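Chemist: Submitted below is the structure of interest, expressed as structure tokens.
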Amino acid sequence: MNYSKQFCVKPGSEVDLGKVDAGFTDKHESHEHALPEIETYTQKLHDLQYLMYAEDKRSLLICLQGRDAAGKDGTINHVLGAMNPQGCAVTGFKVPSKEEAAHDFLWRYHQHTPAKGQVAIFNRSHYEDVLVVRVHDLVPKAVWSRRYAQINDFEKTLVDNGTHILKFYLHIDPHEQLARFRQRIDDPARHWKISDGDYAERPFWDAYTEAFEDALSKTSTEHAPWFVIPSNHKWFRNLAISRIVAETLESLGMKFPEPTVDIDQIKQKYHAIVEQEGGGDAQPVKEHK
Ligand code: AMP
Ligand code: MG
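Right, here's the structure in full:
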């Protein structure tokens, strides 16, 4: 089965995260075993993003959500590593500034949605406004409970304008989160990642589970689906997300734009220069598929 189907939250279904195995690795028994497949999808991602950039007709928005230490940064590193930085942008969303908080909750996100030909990755997203905000009662229930429908409408607007949206929930279990907190303590190069906030949020594990389940159930739509990614194994998380992004881009049937010049005429001009000046013996380049 393709991963876009396997890990997708079916629109209208109720998500129970307790039933999802965070340690799932499909048919792969180890990272080494999965390496050829990881390489295949990394290459595909590279080629497809190049095509999206060249085509300049549509865009892709990737939203990453997950608990602290779920691997949002690591995913960005991997997925973006496969792409040309010229066609990509990453935006991280923290506690809203005074100016952001003075606007409607979607205002700060809309400004960072991708232009045609571009990929945008959101490290946290408009979903924080029904997650941390709900768990900590930062606005009344009457306000956050309206936001699911507002988010669906917002995303529909983007989709109607040629943006494809993929939303990933990085699913780790409490044991794995603690192991990652431990790694951060043991490795001085990770000390900078430790925040009091991580420890402050852990006692709210169950409240977050409920908030995530509600968000996943209410906002996975045909036009902007959610995927629950088993993320205890970083390499499997990377593989699954790369594969879903590649499968989605592949399904769009993108094409290189027609050249804006007459190629035969250009060839003649080129050969005329070579005849006059010599040279022109460059190696043939690898063709993009
Ligand atoms: P990090 O991603 O680890 O740098 O942390 C960013 C922090 O900002 C997290 O604790 C988020 O929960 C918090 N945050 C992000 N968006 C919002 C929001 N809309 N309202 C309140 N807190 C937020
Ligand atoms: Mg953090």
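Heads up: the sequence shown runs through residues 58 to 346, numbered per this note's numbering.
Built from N, CA and C at the ideal position, the CB exists for glycine as well.
Since this is a predicted model, take the numbers as computed values, not measurements.
In chain order, what residues of the same chain have a beta carbon less than 6 Å from the beta carbon of Gly131, not counting five sequence neighbours either side?
Modeler: Lys291
Chemist: Grab me the residues of Ala91's own chain with a C-beta within less than 8 Å of its C-beta, minus the 5 sequence neighbours each way, in chain order.
Modeler: Thr82, His85, Trp292, Phe293, Leu296
Chemist: Check the DSSP bridge columns for Leu118 and list the partner residues they point to.
Modeler: Ala177, Ile222
Chemist: Is Ser252 near ligand 1 - that is, is its Cβ less than 7 Å away from at least one heavy atom of it?
Modeler: yes
Chemist: With three or more beta-carbon pairs closer than 8 Å as the criterion, would you say the stretch 140–148 touches the stretch 241–261?
Modeler: Touching, no.
Chemist: Tell me whether the beta-carbon of Leu102 lies closer than 8 Å to the beta-carbon of Val136.
Modeler: yes
Chemist: Cβ of Lys151 within 7 Å of any heavy atom in ligand 1?
Modeler: yes
Chemist: Is there at least one non-hydrogen atom of ligand 1 closer than 7 Å to the beta-carbon of Val331?
Modeler: no
Chemist: Is Val285 helix, strand or coil when you go by DSSP?
Modeler: strand
Chemist: For Ala172, name the three-state secondary structure that DSSP assigns.
Modeler: coil
Chemist: Would you check whether ligand 1 has a heavy atom nearer than 7 Å to the C-beta of Glu96?
Modeler: no
Chemist: Under the criterion of a Cβ to heavy atom distance below 7 Å, does Asp194 qualify as lining ligand 1?
Modeler: No, ligand 1 has no heavy atom inside 7 Å of this Cβ.
Chemist: Quick one: grab the DSSP three-state call for Gly336.
Modeler: coil
Chemist: Given a cut-off of 8 Å on the beta-carbon distance, is the pair His248 and Arg241 in contact?
Modeler: Cβ distance < 8 Å, so His248 and Arg241 count as in contact.
Chemist: With respect to the beta strand (DSSP E) encompassing Ala146, which residues constitute its N-terminal and C-terminal limits?
Modeler: For Ala146, the enclosing beta strand (DSSP E) has its first and last residue at 145–149.
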